[in-house]
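For reference, the structure is listed below as structure tokens.
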Amino acid sequence: MADKTIKNKAAPAKEATIMVKTTQASNDSQPPTQGVAPAALVPTATGAQPRMPTATKTTTKITLRVNAATPATKPATDYPAASASGDKVGRNRPKLYRIPRTLPRGNAGTHRPVGPRGSVVLVNDNKNIDHTKAVTNNPEPKKMIIRFKDVKGNVHQHQYPDHASQKWDDDAWVASLNKWRYQTISRKFKYDPSVVRGRRGKWTMAEKIFLKEQITKKIEDNGGRLVGEDWKAIAKAHNERFAGTVVKKGEQLIKGFIAVKDYTLTERSYVAIRTQFDKMADLKPEVEDMVAEYTDGESEEGSEPMEGVVKEEEHTHGGELDHHLEDPSDDEDGGQQPASNQTGAILVEGAC
1019 MADKTIKNKA APAKEATIMV KTTQASNDSQ PPTQGVAPAA LVPTATGAQP
1069 RMPTATKTTT KITLRVNAAT PATKPATDYP AASASGDKVG RNRPKLYRIP
1119 RTLPRGNAGT HRPVGPRGSV VLVNDNKNID HTKAVTNNPE PKKMIIRFKD
1169 VKGNVHQHQY PDHASQKWDD DAWVASLNKW RYQTISRKFK YDPSVVRGRR
1219 GKWTMAEKIF LKEQITKKIE DNGGRLVGED WKAIAKAHNE RFAGTVVKKG
1269 EQLIKGFIAV KDYTLTERSY VAIRTQFDKM ADLKPEVEDM VAEYTDGESE
1319 EGSEPMEGVV KEEEHTHGGE LDHHLEDPSD DEDGGQQPAS NQTGAILVEG
1369 AC
């Protein structure tokens, strides 16, 4: 094949003239000669003062070739700093932050923050948010998108990760959607002073012993397993007994810890109490053995009524999405210290 040579067509050039003014010194009586000192420094024969050099102004014409095809440089737009997911809508104007639809699933996608880190979103600025739950067999695509406005006026758009499925006839899918809505709203308002709660008090050994007594009493009264109403009654009795109680420094806590400072116990929801009970690896098997005595050897774990409580916990995030609800987990080790004395260890072993 014949070689093809591509020649770049030169852009037309224009000439520009620059006038440069220079100054040159001269001496009329004794012009400077190469290798000879200037006349101003050599005295004359008659002793007369030599004339000082005078300045001569000259103008030089310089011709430059300018490429007329070179476009003018456009100044860069100074946008404020924004996250990678932000869509710029104008200089110094509010922005829309959202997760791109092409984002991968999993930790790299669903857990990616929307908007700049540390953005403050207030409840009073987002009163238009729908807090009602999604209902099975009642398609509402708008519930899969939640938009928040931060204090700078920027909009943060959150979209349900599994929005493509839209299984409105599936109870599990709808429950998962409601849970996502609850968690998204709760976490978005975490910097609002009107919503921030104090840390919950750690569980004490006295609370654990009282919980065991209440569960045992309910099992005896019911003749078997506990249901959701039983746990609500247990929570009511528990709060009447401990809410407002001051735990003193050095008092025995669960898991072999002791309190390192004084604090006041607050009310615990029945969901939090049930969740804490599930974490008590020594108390739960003991309760299951008691239930088995009333149910012809059947274990409490896996029974239908007990599963109903768990499902009720999952659906707690439906209905009015109250961001003041207590987190189910009350297992906090902050401010706890392992019991170093032997008496404390024996108490834990015997009472747990």
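Taking my numbering, the leading residue of the sequence shown gets 1019, the next gets one more, and so forth.
Cβ atoms here follow ideal geometry from the backbone N, Cα and C, with glycine treated the same way.
Inter-segment contact for the segment 1218-1226 and the segment 1181-1196 is absent: fewer than three beta-carbon pairs are separated by less than 8 Å. Rounded to whole angstroms, Phe1228 and Val1278 show a C-alpha spacing of 22 Å. Per DSSP, Gln1232 lies in no beta strand (DSSP E); the unbroken alpha helix (DSSP H) holding it starts and ends at Met1223 to Asn1240.
Contact annotation: the segment 1249-1266 does not touch the segment 1298-1310, with fewer than three C-beta pairs closer than 8 Å. Asp1168 sits buried, since 16 or more C-beta atoms from the chains shown fall within 10 Å of its C-beta. When DSSP states are grouped into helix, strand and coil, Leu1271 belongs to the strand group. Between the segment 1150-1168 and the segment 1183-1199 there are three or more C-beta pairs closer than 8 Å, enough to call the two in contact. Contact check between the segment 1206-1214 and the segment 1240-1260: fewer than three CB pairs, one atom from each, fall below 8 Å, which does not count as touching.
For Gln1177, the three-state secondary structure derived from DSSP is strand.
Beta bridge pairing from DSSP links Phe1166 with His1174. Separation of Tyr1178 and Ala1224 (C-alpha to C-alpha, rounded to the nearest whole angstrom) is 42 Å. Each of His1176, Leu1271 and Gln1294 was checked against the Cα of Thr1202, and the nearest Cα belongs to His1176.
Looking at the backbone, the Cα of Arg1111 and that of Lys1226 are separated by about 55 Å. The C-alpha of Trp1186 lies about 31 Å from the C-alpha of Asn1172. Bridge partners of Val1245 according to DSSP: none are assigned.
Annotated three-state conformation of Val1264 is strand, per DSSP.
One thing to note: Lys1235 has its Cβ no nearer than 7 Å to the Cβ of Tyr1288. Relative to the Cα of Glu1285, the nearest Cα in the group Ala1253, Gly1268 and Glu1311 belongs to Ala1253. Per DSSP, Trp1186 lies in no alpha helix (DSSP H) segment and is marked neither H nor E.
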